[in-house]
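In what follows, a structure is listed as structure tokens, so that the remarks can point back to it.
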Amino acid sequence: MAYHAGQVVRLARAFRVLVRAGLWSALFALLAAGAALPKAMGEETEPAAAEAPAAVADNAVPAADVQRIPILLAREIREDRLPPLSLLDIPPPDDGVAGAKLAIADNNTTGKFLNQEFSLDIVQSAKADELVAEVKRRVDEGLAFIVVDAAAPTILAIADAIKDREAVVFNASAPDENLREEDCRVNVKHTAPSRYMLTDALAQYLAWKQWRRWFLVVGPAPEDTAFADALKRAASRFGHKIVEERAFAYDPGSRRSDGGFEQIQQQIPGFTQKVPDYQVAVVSDEGDLFGDYFPYRTWDARPVVGTAGLYATSWHPAVELWGGTQFQNRFKRLAGRNMRPLDYNVWMAVRSVGEAATRKKTNDPKELILYLQSPEFELAAFKGQKLTYRSWNGQLRQPILLVTAKIHVTLSPQPGFLHQFTELDTLGVDKPETKCKAFPK
Amino acid sequence: MNKKTLALAQVAAISVFMLGAPSAHAYRVFVSNEKENTISVIDSEKLEVIHTIKTGNRPRGIIMANEGKWVIVCASDDNTMQVFDAKTYEYVKDLPSGPDPELPILHTSGNPLYVSNEDDNLVTVVDIFKGTVLLDVPVGVEPEGMGISPDGKVLVNTSETTNMAHFIDTSTLKTTENVLVDNRPRVAQFTPDGKQVWVSAEIGGSVSIIDVATHKVSNKIKFEIAGITADAIQPMGVRITKDGKKAFVALGPANRVAVIDTATQKVEKYLLVGQRVWNLGFTPDEKLLFTTNGTSNDVSVIDVENLKVVKSIKVGRYPWGVVSAPF
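Protein sequences, first through last, are from chains A and B. Take 153 as the starting number for the first sequence in the numbering used here and just add one per residue. Take 228 as the starting number for the second sequence in the numbering used here and just add one per residue.
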């Protein structure tokens, strides 16, 4: 299952064709064929970053003992995921991969001054056990840094498979609270924000707006229940009242049909009728399967927030704050598309490794992993302040954007929500509340 | 001068007198307003805006050139620099740069100009009279701060994402040293004796003092302000007095300017200014220091001798850079 990045792109293209054609069996065959492809360990190095224009002074560092730092991106292809409602939200085949590539390029620009060279390798599979086995095999061969885009159980399985090794897993995708709490692992870091961080960010802004009476709409998926639970916790933390909760039992059916809005126009006003006086409709639909039906269709004229309308995220392609413009431009030049939250989360993981290697001037995994968890580590990630890993559960502290489809509305923590150490810890589970016991006190 | 302006001028003169900062010379202070695409021109004696210059898109770094006759501003989103006449405020010409120029600095001899291009990992060397690019020097990711040694031999550029101060020999235009500093370095400022470079790190929350002879960081100045979390202390603009005794550091969203005794390298005082204080600029006589306060759309005026903030002046939206010259 070892692919070059180029192979990934080609495979992804084949993937899309097959998905569109509904040829799942063929897809499995393709993946199986991929497993039989010749392994390319050791020669998968991405080209170094600098694109050199013509009239440029020569500043090359003489090649002495280059410190090589390979990083693996492990992707779980989740074919049970339904396509989202909007065509605009369909993930590109290189979702996350492009973020990794940009971070490798950024790392290598610094690396060329310090004689360090970063490389990216990608493994992907629809079968979690295959993915776990492949990551384990590579870690046994000496790999130390694994960025994972997978479901929570797969992330745990990977972490447990390599738990005695000098290796660290970065969770770039799963928002699940249990990964940071009762099921936390000392060898896992989380660049993806947790659900609690996202819902706290939203609840703080709604408190700032004084939109305190919520009408909660919960979708049928287990993730929707989890997100709704996080919303309820945030509501009680920040003084909101859920005046009514309704389950939106929805069979998504075909999202690509060329009709149906006439019925939705009837359905949503009916569904939102006779709610006790509320100020804001809060929708929990993590798969983006129905939430976008709500704005402009509710019975009462109310704003929609949650997973649709105004939503919380780690990144948005229109953010231009704190040098974000240059960051977005670099990404677009590389990927030919907008940067998505998964790209950003993966970028932060790969950059974390780069930042540690820069500061410690070594490629020794033990020293780098120790440094990542130390209070000295800090990451600059276009959020206007340094980001650090929480010492009690490995979660990356970060400001959370509240955005519409087009632009950011605000950034939490909101002014006035204070904390004795860092206001970023007003988002998510704070040290005194944590159930995580894996980390040294 | 009509009656109204005369009256205003008198009021301004009286208030300056009362504040104990009489100035023998009046200067023009030029403030680039990043979001408004303008330069506000302030009279340093009246302490009021006397003119507004229309610029290209996203004006940021701003310097005087051609013996004070020109104001050069980076129009970052137009990927160019613009030259304006410092007295008539007329547009003179464009100067070439790389993509997204941010901060220009002149060689001590007055030419060439070096400009950091935030979107291209390059520092561009430009002849300001011929309007030509002499060379591009590759540096780290997101080049930003620019400092030049008093003898003109060494140029220092900081790169925001590579987190380095790159030392460039101005005769060969090759980088000679790359010194790692804290996260997101912004401004590089030589001490007048040329022995140190002070580099502010916005995200790292520090100012690194680099010894020029050894290229080692000899000290890191950190800041502590009661009631303000460390996250909000983001050092940006750095200015050092000509006698080398005092350094001023703008602390971004901490809304303070730190005053540092350069002998002890300790913070003497924090001056409360406007919101998200970004860059700093002395008047040529160093009696006044102007600060650009991005979020509150104003500049604060600091009386340098008495270390007091004497006035806030409303300028355009998101003031970014500041420079001044005699009338």
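By construction, the Cβ of each residue, glycine as well, lies at the ideal position given by its N, Cα and C atoms.
8 Å Cβ cutoff, Phe265(A) in contact with chain B: yes
Determine, using beta carbons only, whether Ile526(B) and Met291(B) come nearer to each other than 8 Å. In the sequence on display, residue 526(B) carries Val and not Ile. Result no, Cβ atoms of Val526(B) and Met291(B) do not sit closer than 8 Å.
Positions along the stretch 236–269 of chain A whose CB lies within less than 7 Å of some CB in chain B: Asp258, Thr261, Thr262, Phe265
Anyone know if the C-beta pair for Gly598(A) and Asp301(A) falls short of 8 Å? Past the boundaries of the shown model lies residue 598(A); chain A is included only from 153 to 593, so the question cannot be answered.
Spatial neighbours of Arg230(A) within its chain, please: C-beta separation below 7 Å, excluding the five flanking residues on both sides. Ala303
Three or more C-beta pairs below 8 Å linking the stretch 329–349 of chain A and the stretch 391–405 of chain A: no
May I ask you to report which of helix, strand or coil DSSP gives Asp312(B)? strand
Would you kindly check if the distance between the Cβ of Gly283(B) and the Cβ of Asn264(B) is under 8 Å? yes
Check whether chain A comes within 8 Å of Gly464(B), counting only Cβ atoms and requiring the distance to be less than that. no
With a floor of 4 residues, list each alpha helix (DSSP H) that falls wholly inside the stretch 252–293 of chain A, ordered by position along the chain. 280–292
Check whether the Cβ of Ile430(B) lies closer than 8 Å to any Cβ atom in chain A. yes
Need the endpoints of the beta strand (DSSP E) that Ala211(B) sits in, please. No answer is possible for residue 211(B): it lies beyond the span of chain B, which begins at 228 and ends at 554.
Which chain B residues sit within Cβ distance under 9 Å of Gly475(A)? Glu345, Glu369, Glu371, Glu387, Thr388, Arg411
Using a Cβ cut-off of 8 Å (strictly closer), state whether Lys538(A) contacts chain B. yes
Going by C-alpha to C-alpha distance, which of Val406(B), Glu369(B), Val504(B) sits closest to Thr518(B)? Val504(B)
For chain B, is any of its Cβ atoms less than 8 Å away from the one on Gln525(A)? no
Contact the stretch 255–271 of chain A vs the stretch 494–512 of chain A: 3+ CB pairs below 8 Å: yes
With DSSP as the reference, please indicate the residues paired to Ala477(B) in a beta bridge. Val484(B)
Using 8 Å as the limit for Cβ to Cβ distance, is Asn323(A) near chain B? no
Spatial neighbours of Phe483(A) within its chain, please: C-beta separation below 6 Å, excluding the five flanking residues on both sides. Leu254, Met491
Would you mind sorting Phe554(B) into buried or exposed? The rule is 16 or more other CB atoms within 10 Å of its CB. exposed
When DSSP labels each residue in this structure, what does Pro592(A) get in the three-state scheme? coil
Three-state secondary structure assigned by DSSP to Val537(B): strand
Quick check: the Cα distance between Leu308(A) and His342(A), rounded to an integer number of angstroms? 12 Å
Could you say which of Lys535(B), Ala477(B), Asn446(B) lies nearest to Thr491(B) if we only look at CA atoms? Asn446(B)
Residue span of the beta strand (DSSP E) that contains Pro286(B), given as start and end: 286–292
Contact set between Asp354(B) and chain A, taken where Cβ atoms lie within less than 7 Å: What Asp354(B) touches in chain A: nothing, since even the nearest Cβ is about 14 Å away.
Against Thr456(B), what residues of chain A qualify as contacts under a CB-to-CB distance less than 8 Å, listed in chain order? His571, Phe573, Thr574, Glu575
Considering Cα atoms alone, identify which of Ser271(A), Asp312(A), Ser277(A) is closest to Leu295(A). Ser271(A)
So, Leu534(B) versus Lys493(B), is the Cβ gap smaller than 8 Å? no
Against Met391(B), what residues of chain A qualify as contacts under a CB-to-CB distance less than 8 Å, listed in chain order? Thr262, Phe265
Selected residue, minimal CA-CA separation from Ala387(A), among Arg364(A), Met349(A), Thr540(A): Arg364(A)
Coil, strand or helix - Thr477(A) by DSSP: helix
Taking C-beta pairs closer than 7 Å, name the residues in chain A that Leu407(B) reaches, listed in chain order. Thr510
For the stretch 529–556 of chain A, which residues have a beta carbon sitting closer than 7 Å to at least one beta carbon of chain B? Glu530, Ala532, Gln537, Lys538
Verify the CB distance criterion: does Asn481(A) have a CB-CB separation below 8 Å to chain B? yes
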